[in-house]
Ligand SMILES: [Ca+2]
Ligand SMILES: [Ca+2]
Ligand SMILES: [Ca+2]
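Residue numbers (our numbering): 7 to 183.
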């Protein structure tokens, strides 16, 4: 596995472990869904419900595919196996990316503005400085907006275990916020 992919797997695991207890469990995804939805006050109830459902689906897929010992917890060792067959996560990651992108465009004009982008991404757990760097890498318009499909593709690339050299690599840990 490439170094960038290894580093991203570790970062994604730490993000998904929303309560910080060192393992993934159903409650992490409920917590993260609540945080993200709370940051999206202008979005419709339908978009919020879709976001929560996408987090639940994300957990269900991980539990099905990666909980090798069946204890309803996913250790980092278990999680690392996701890189062996990334295609099993494509549908879940796509649904997650699309729900998040929809949440980020409450007025439906196809663009997300920087403040909401920062609010949603920091609610997921990314550091603000890294989030701004990522937004800039998406080459925002003069109105400081990014096209929603650009963001959705970036999310998919980021959570795909086998990708490297993507704009999402700007979200590496260790950069002070
Ligand atoms: Ca946890
Ligand atoms: Ca387990
Ligand atoms: Ca918009």
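No residue lacks a Cβ here, since even glycine has one placed at the ideal position from N, Cα and C.
When we look at the beta-carbon of residue i and count the other beta-carbons within 10 Å, is it buried (16 or more) or exposed?
| i | result |
| --- | --- |
| residue 189 | Because the chain spans 7 through 183 in this model, residue 189 falls outside it and cannot be assessed. |
| residue 31 | buried |
| residue 84 | buried |
| residue 164 | buried |
| residue 14 | buried |
| residue 97 | exposed |
| residue 17 | buried |
List the endpoints of the continuous alpha helix (DSSP H) containing residue i.
| i | result |
| --- | --- |
| residue 58 | 51 to 72 |
| residue 147 | From DSSP, residue 147 is part of no alpha helix (DSSP H); its letter is neither H nor E. |
| residue 40 | 32 to 44 |
Is residue i close to ligand 3? I mean its beta-carbon at under 7 Å from any heavy atom of the ligand.
| i | result |
| --- | --- |
| residue 125 | no |
| residue 113 | yes |
| residue 118 | yes |
Pop quiz: residue i and residue j are said to be a contact at Cβ under 8 Å. What is the actual Cβ separation, rounded to whole angstroms?
| i | j | result |
| --- | --- | --- |
| residue 140 | residue 46 | Not quite, the Cβ-Cβ distance comes to about 18 Å (not below 8 Å), so this is no contact. |
| residue 189 | residue 99 | One cannot answer for residue 189 here, as it falls past the ends of the chain, which runs 7 to 183. |
| residue 106 | residue 57 | 7 Å |
| residue 88 | residue 95 | 6 Å |
Start and end of the beta strand (DSSP E) containing residue i?
| i | result |
| --- | --- |
| residue 152 | 151 to 153 |
| residue 104 | Looking at the DSSP string, residue 104 is not in any beta strand (DSSP E); the run it does join, the alpha helix (DSSP H), is 96 to 109. |
| residue 119 | 117 to 119 |
I'd like to confirm something about residue i: is its beta-carbon nearer than 7 Å to some heavy atom of ligand 1, or not?
| i | result |
| --- | --- |
| residue 31 | yes |
| residue 23 | yes |
| residue 75 | no |
Using a Cβ-based criterion (distance less than 7 Å to any ligand heavy atom), does residue i qualify as near ligand 2?
| i | result |
| --- | --- |
| residue 79 | yes |
| residue 84 | yes |
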